[in-house]
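To start, the structure under review is shown below, and the notes come after it.
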Amino acid sequence: MNTLVRRLNSLGKSRKGGILVLALGVLATLIWVQIQGEPTAGSTGHGGGTSPLLSSTHAKTGIQLRATLSQPMVVQGGDGTVYLDLTVLTPKTSEERQTPTDTIVVLDRSGSMGEDNKWRYATQAVYSLLDQLTPDDRIALITFDTRARVNSRLLRATEENTRELARIVRSLRPGGHTNLGAALLLAESIASGSNLVERRSRVVLLSDGLANKGIVSPAELGSISRRIADSGSVVSTIGMGLGFNEMLMASLADHGMGSFHFLEDLESLGTLLAGALSDSRLVLADGSELRIHLPNGVEIQDVAGLPFVLEGRTAVIRTGQLFQNSTKHFMATLRVNSEIPAEYSIHSIELSYRVDGRPYRQGISTNELKIACVQKEREYEVVASIDQDIYADAWIRNNLGVVMRSVGDLVRSGKREEAKELMTSYRGRLDEADAMVPGLKKKAESRLQELEERVDDAFEGRDQEVKQN
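If you count by my numbering, then the sequence shown holds residues 1175 to 1643, one letter each, in order.
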């Protein structure tokens, strides 16, 4: 199950009033959608507008990539926004195989983990995970408070070893500060020796707090998570309770090409870890990376909320592990130069990944994905060319997601009025978009109302600090 579904399910379990920023992060991360696939030979169809839907399937891996634009035209003098809609589909393999896994559990044992039964649920979840492992799997344990320590390096999950690891966990007690950076560095050291072709490796971080000892910079912590992913592992994070830094935990998962989960209902933690283990056995490909080659005059603004880097005119998005029999979809927001009439073509879209250690690179030549900037008197053609489904999806999810992330930052800082002004501004822009796609504002209204109610609730009544977080 992908990050979005898990975050939405978790949100449904939170109390009324909830954790505002977590809720915002959930909907903002709607944008985050994993990608899997690419092509060697291609076929061309058409989407709902006049921009073609390009589709290509790799002859050996069966992975398929589809790409289309929200519209092939923008009006001169407008904001030039166009959405690039991407979908990756992976097949179900015919062979039944259970890939051995390496799991590195990084467990927060700071003092706050002793509150609200968090430590009890966390340790029970580790015991449950041990029961799910096979003798071919390996597991390591790192715990951290004021300092971090390796309680067990990677060991095969034999009955003797899992029994000893369970004994170690029972002997631990929470206390101290939260030196998350030191724990991630230890995980990096172990993960770098785990990159074997025949195994899947993942780091699972469980924490309830903030990084307040050692390395505390989100950028530095994200860099460590990225290096772990570069070594062949993925980093998934689980936030427990109500007080943790949701933005940091989500960022670590993004940089680590894993998933982020929020758990207020801690009883489901064991099930969540078991599900993550099961997912890791269904990995079809790993180390995937998407490249979008853009022409001069077209800039990329956002890639489904994911971190991305620019290499000249190429946007590089790390898309992580690709699971069997899955569909993953996300949207990139492009900004086209609308100062003068001109035509632009996206050069190509490429996806690289590894299957059983063997590298694959697939590409769609996207010469047919053209965007024309036309004069004002042709605005009716621009409106007629819009794929209404893609355009509405972008406004309700992508754009609203960006607003929610910003509102979350403002609420956390106690800036209620600024948050409300930002929502009002979004409503005004939504009115303009509704003129292009009638009914769009009505579709977004319920989510906007929920957002406004949560902002108001975060500054009223009891537990305001908790609700704002």
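Heads up, the beta-carbon is just placed ideally off N, CA and C, and yes, glycines get one too.
Could you please give me the residues that DSSP links to V1280 through a beta bridge? I1316, L1379
Can you give the beta carbon distance from D1259 to M1505, rounded, assuming they're within the 8 Å contact cut? 5 Å
Applying the 10 Å Cβ sphere with the 16-neighbour rule, what's the burial state of S1284? buried
Hey, out of R1621, S1366, G1494, R1347, whose CA is closest to D1319's CA? R1347
Do the stretch 1543-1550 and the stretch 1486-1503 touch if we need at least three Cβ pairs shorter than 8 Å? no
Any idea what DSSP makes of I1545, helix, strand or coil? strand
Taking only the alpha-carbon atoms, compute the straight-line gap between L1204 and S1410 and give it to the nearest angstrom. With a pLDDT of 35 at L1204, under the threshold of 50, the modelled position of that residue is not reliable, and the figure given next carries that caveat. So the two alpha carbons sit approximately 17 Å from each other.
According to DSSP, is Q1638 part of a helix, a strand, or is it coil? helix
Within 8 Å, do at least three Cβ pairs link the stretch 1625-1641 to the stretch 1592-1606? yes
Just list the alpha helix (DSSP H) runs in the stretch 1398-1432, keeping only unbroken ones of 4 residues or longer that don't cross its boundaries, in chain order. 1420-1429
In the DSSP assignment, find the beta strand (DSSP E) that holds N1335 and state where it starts and stops. Not the beta strand (DSSP E): N1335 falls in the alpha helix (DSSP H), residues 1333-1345.
Cα-Cα, which of W1569, G1635, I1564 is closest to Q1245? I1564
Select from I1398, R1337, Q1638 the residue whose C-alpha is nearest the C-alpha of I1364. I1398
What span of residues does the alpha helix (DSSP H) with T1598 cover, start to end? 1590-1610
Assign G1288 to one of three DSSP states: helix, strand, or coil. helix
Of the choices S1433, L1339, V1378, G1350, whose alpha-carbon is the least far from that of L1670? Here the chain comprises residues numbered 1175 to 1643, so residue 1670 is not present and cannot be evaluated.
Tell me where the alpha helix (DSSP H) around Q1562 begins and ends. 1562-1567
Are the stretch 1465-1483 and the stretch 1503-1522 touching, with three or more C-beta to C-beta distances below 8 Å? yes
Where E1513 falls, given that 16 or more other Cβ within 10 Å makes a residue buried: exposed
From the DSSP output, in three-state form, read off T1261 for me. strand
Starting from S1230, follow the beta strand (DSSP E) in both directions and report where the run begins and ends. 1226-1231
Is the beta carbon of R1535 less than 8 Å from the beta carbon of S1526? yes
Return yes when the Cβ of V1248 is within less than 8 Å of the Cβ of V1556, no when it is not. yes
Going by DSSP in three states, R1487 sits in which element: helix, strand or coil? coil
Cα-Cα separation, G1575 to R1330: 42 Å
Boundaries (first-last residue) of the beta strand (DSSP E) holding L1358: Run containing L1358: none in the beta strand (DSSP E); it sits in the alpha helix (DSSP H), 1354-1365.
Please confirm whether V1324 and I1316 have their CB atoms less than 8 Å apart. yes
Reference E1372; option with closest CA among A1593, D1311, R1603: D1311
Between P1515, A1361, M1610, which lies nearest to S1407 when the distance is taken from Cα to Cα? A1361
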